[in-house]
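Heads up: the structure comes next, in structure tokens.
Residue numbers (our numbering), protein chains in the order written: chain A, 3 to 405; chain B, 3 to 405.
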């Protein structure tokens, strides 16, 4: 039984407020010279203060040894089993472009490509055309193709040769192969589906490709399209359905707003800085039960290998933290969706430090928020997907199991 | 989803080197006088040195409270779920006799036995005949019986009254009952099978027993045979298939070489001592990705109840360890396949100390390699089957899960 099935019959209403503060890619490994991680290096009096009053642990986001992508990382923190709910490439790309997805959508990534007279792909990226040209071509395509057999076709340009298409219609499926042959010198692969839904979707996509090739035939080098990563909106319960929580998201990057939207959170307008994000939370505090506050740059600087800048973002968050503490929420969790050690310049499999502060917790002896100190906390080492259950418990939103 | 299914799509190639050093039956419990375990008693500066730079934990080999045999113990360390892959008694016995098994083999343990004129077993061990007599009888049987209905019959003598038979042929099954009635005064039980493969195998085995009784009829007291523990070669992926690792095994005892062979490791020739084994690893370091180095005597002395000698073997391994450290492997794990406390003179269920050293780990505060100190390590308490996933992660051989 997954965690959501376990808690569903136990949910009770309450007025309590829950805040989930996610510093993206928070966890690190020691810098070889400093012998400290980013969190160990940052002086964080406010985080340490709530650490002293809270409980800590190390959370495995997907499973020990598995490096999570951003999709599974956030699903786990929201209490959705990341092995059960997979978010396909096309959907993630669409979310990253701030597109609103509906449960009827199949999303796919597209490339403009060059095709010769015999139908052979000679350049999979159409010479990496300029973004402005891409925008023109997408307008051209969109004005020519708006619907195919009752399925709406929504085309959005990305950068260079990339775009995203949403096929919107009842009963579609994302179980289609990529049409991209992966190598030049080959024809594109016709889309095929095995289930009845996928067969119908494949017919719609085939017709789209036929029409697109027609529209683009005089637009050499961008005279064809390749499609990759077909994915349907995942059939996923909302935070309201799963937990009875009226939830909102505060995030500066489209992908995280999109992930929040997938689970039915309301996305709040906010500014560009960490300070803006905290301000937005405070201003909307009365309106919601659950607040997802996402800080991106810990991850960005981790990916860049910029240890010092990652430390600075942590300091910036620490400086803002009193604003949340002043709200006196019932439950405050501070954690990451995965580790992004600056030393590795990439996401990693290391478990993430997890801090839970609530009036109902038994404060453990940990008084500093870091990877190594959290390892000594009373939460121990645990699967991140259980975190949401703990938040609900501490928010006194779960009834007794059994009599 | 089991661990191997989870990681299979994530595997990436790399040049990294992984060493798994298994001290058989490593874990102990405190000696009642010394109040220390074998590991706590042994002064191990080299092990402690890498412990300081690595991460530690306690690994449950099968599950807490379950005492593992050598088969499940090693499968778990190799990352194969020991509850999913069972190695039958006959197969384990054959491996312990250094027999090479093929996927077409059904292996079974045999006893010479005494049968009276009415077909009643009067001595299940034929008076524990001498091993030399056993060798003669096996030759006699083997020269008379080489094949039955297209199935090859391979007979190998063991000690005293014991032998092993391999039935080698396509489509056989190990799902047969023992023919041993377990008590004297009863006739042997005819082998029976429920599936079509097992029925055919039962016919072959019945015919073997008929012929064997005929061949042995003048060899009283060894005038019949009892068969126990029919088992087919387990259908198990190789280390290459499961992890993309070119693997080798260095072990002085046949059973461990056999277990390694089952998962497709190449077995290297080595000498009799711990020093020989370490030397073999160093000499072959360039040729493989993964090295399984097995030290047997920690277990043997544990089984003997010889606390002091078990400590000495640990000291011997510690003295050799600098040879591995000098190789600067990407991942080095030191652990046991189960505990064998000298106090108990047997395998036990206690979790085993587990040490992982890699450049990518966050060294924890544990600086001594023992049961009680490992309990404080950042790996926490974890299922041993996850260890292989951690090794692959630290060897940077696993891609991100999801986007």
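Idealized CB from N, CA, C, for every residue including glycine.
Quick check: the Cα distance between residue i and residue j, rounded to an integer number of angstroms?
{"i": "residue 243 (chain A)", "j": "residue 8 (chain B)", "result": "29 Å"}
{"i": "residue 397 (chain B)", "j": "residue 293 (chain B)", "result": "13 Å"}
{"i": "residue 55 (chain B)", "j": "residue 323 (chain A)", "result": "34 Å"}
{"i": "residue 176 (chain B)", "j": "residue 148 (chain B)", "result": "20 Å"}
{"i": "residue 112 (chain A)", "j": "residue 269 (chain A)", "result": "27 Å"}
{"i": "residue 265 (chain A)", "j": "residue 238 (chain A)", "result": "7 Å"}
{"i": "residue 52 (chain B)", "j": "residue 58 (chain B)", "result": "10 Å"}
{"i": "residue 50 (chain B)", "j": "residue 348 (chain B)", "result": "26 Å"}
{"i": "residue 235 (chain A)", "j": "residue 200 (chain A)", "result": "14 Å"}
{"i": "residue 46 (chain A)", "j": "residue 360 (chain B)", "result": "29 Å"}
{"i": "residue 116 (chain A)", "j": "residue 220 (chain A)", "result": "11 Å"}
{"i": "residue 335 (chain A)", "j": "residue 24 (chain A)", "result": "8 Å"}
{"i": "residue 369 (chain B)", "j": "residue 375 (chain B)", "result": "8 Å"}
{"i": "residue 223 (chain B)", "j": "residue 42 (chain B)", "result": "51 Å"}
{"i": "residue 288 (chain B)", "j": "residue 18 (chain B)", "result": "11 Å"}
{"i": "residue 341 (chain B)", "j": "residue 362 (chain A)", "result": "40 Å"}
{"i": "residue 3 (chain A)", "j": "residue 14 (chain A)", "result": "20 Å"}
{"i": "residue 285 (chain B)", "j": "residue 316 (chain B)", "result": "22 Å"}
{"i": "residue 95 (chain B)", "j": "residue 364 (chain B)", "result": "42 Å"}
{"i": "residue 314 (chain B)", "j": "residue 298 (chain B)", "result": "13 Å"}
{"i": "residue 260 (chain B)", "j": "residue 37 (chain B)", "result": "37 Å"}
{"i": "residue 280 (chain B)", "j": "residue 318 (chain B)", "result": "11 Å"}
{"i": "residue 240 (chain A)", "j": "residue 86 (chain A)", "result": "15 Å"}
{"i": "residue 76 (chain A)", "j": "residue 283 (chain A)", "result": "19 Å"}
{"i": "residue 160 (chain A)", "j": "residue 390 (chain B)", "result": "40 Å"}
{"i": "residue 212 (chain A)", "j": "residue 197 (chain A)", "result": "22 Å"}
{"i": "residue 327 (chain B)", "j": "residue 250 (chain B)", "result": "18 Å"}
{"i": "residue 16 (chain B)", "j": "residue 164 (chain B)", "result": "46 Å"}
Looking at the ligand FMN, does it come within less than 6 Å of residue i, judged from the CB to the closest heavy atom?
{"i": "residue 173 (chain A)", "result": "With respect to small molecules bound, the structure shown includes none, and the ligand FMN cannot be examined in it."}
What whole-angstrom Cβ distance do residue i and residue j have, given they're in contact under 8 Å?
{"i": "residue 186 (chain B)", "j": "residue 125 (chain B)", "result": "7 Å"}
{"i": "residue 296 (chain A)", "j": "residue 258 (chain A)", "result": "5 Å"}
{"i": "residue 351 (chain A)", "j": "residue 69 (chain A)", "result": "4 Å"}
{"i": "residue 108 (chain A)", "j": "residue 233 (chain A)", "result": "7 Å"}
{"i": "residue 353 (chain B)", "j": "residue 372 (chain B)", "result": "Rounded, the Cβ-Cβ distance is 12 Å, inconsistent with contact."}
{"i": "residue 63 (chain B)", "j": "residue 78 (chain B)", "result": "5 Å"}
{"i": "residue 146 (chain B)", "j": "residue 217 (chain B)", "result": "5 Å"}
{"i": "residue 346 (chain B)", "j": "residue 31 (chain B)", "result": "7 Å"}
{"i": "residue 153 (chain A)", "j": "residue 174 (chain A)", "result": "7 Å"}
{"i": "residue 406 (chain B)", "j": "residue 114 (chain B)", "result": "Missing from the structure shown is residue 406 (chain B); chain B here goes from 3 to 405 and no further."}
Determine the contact status of residue i and residue j, defining contact as a CB-CB distance below 7 Å.
{"i": "residue 143 (chain B)", "j": "residue 123 (chain B)", "result": "no"}
{"i": "residue 338 (chain A)", "j": "residue 29 (chain A)", "result": "yes"}
{"i": "residue 206 (chain B)", "j": "residue 151 (chain B)", "result": "yes"}
{"i": "residue 400 (chain A)", "j": "residue 392 (chain A)", "result": "no"}
{"i": "residue 304 (chain A)", "j": "residue 253 (chain A)", "result": "no"}
{"i": "residue 384 (chain B)", "j": "residue 33 (chain B)", "result": "no"}
{"i": "residue 202 (chain A)", "j": "residue 106 (chain A)", "result": "no"}
{"i": "residue 275 (chain B)", "j": "residue 27 (chain B)", "result": "no"}
{"i": "residue 248 (chain B)", "j": "residue 291 (chain B)", "result": "yes"}
{"i": "residue 167 (chain B)", "j": "residue 110 (chain B)", "result": "yes"}
{"i": "residue 387 (chain B)", "j": "residue 100 (chain B)", "result": "no"}
{"i": "residue 230 (chain A)", "j": "residue 182 (chain A)", "result": "yes"}
{"i": "residue 71 (chain A)", "j": "residue 405 (chain B)", "result": "yes"}
{"i": "residue 74 (chain A)", "j": "residue 80 (chain B)", "result": "no"}
{"i": "residue 380 (chain B)", "j": "residue 377 (chain A)", "result": "yes"}
{"i": "residue 331 (chain B)", "j": "residue 98 (chain B)", "result": "no"}
{"i": "residue 333 (chain B)", "j": "residue 12 (chain B)", "result": "no"}
{"i": "residue 366 (chain B)", "j": "residue 48 (chain B)", "result": "no"}
{"i": "residue 204 (chain A)", "j": "residue 178 (chain A)", "result": "yes"}
Unbroken stretches of the alpha helix (DSSP H), 4 residues or longer, contained in the region 108-164 of chain B: Counting only runs of 4 or more, we get 133-146.
Completely contained alpha helix (DSSP H) runs for the region 253-322 of chain A, where each covers 4 or more residues: Runs of the alpha helix (DSSP H) inside the region 253-322 of chain A: 256-264, 276-285, 299-306.
At least three beta-carbon pairs within less than 8 Å, the region 133-143 of chain A to the region 178-193 of chain A: No, the region 133-143 of chain A is not in contact with the region 178-193 of chain A.
Ordered list of alpha helix (DSSP H) runs contained in the region 170-239 of chain B, each at least 4 residues: Those alpha helix (DSSP H) runs which fall completely within the region 170-239 of chain B and span 4+ residues are 198-218.
Whole beta strand (DSSP E) elements within the region 330-358 of chain A, 3-residue minimum: The DSSP assignment places 333-337 as complete runs of the beta strand (DSSP E) inside the region 330-358 of chain A, in order along the chain (cut-off: 3 residues).
3-residue-minimum beta strand (DSSP E) runs that sit fully inside the region 30-80 of chain B, ordered along the chain: For the region 30-80 of chain B, whole beta strand (DSSP E) runs of length 3 or above, ordered along the chain, are 57-62.
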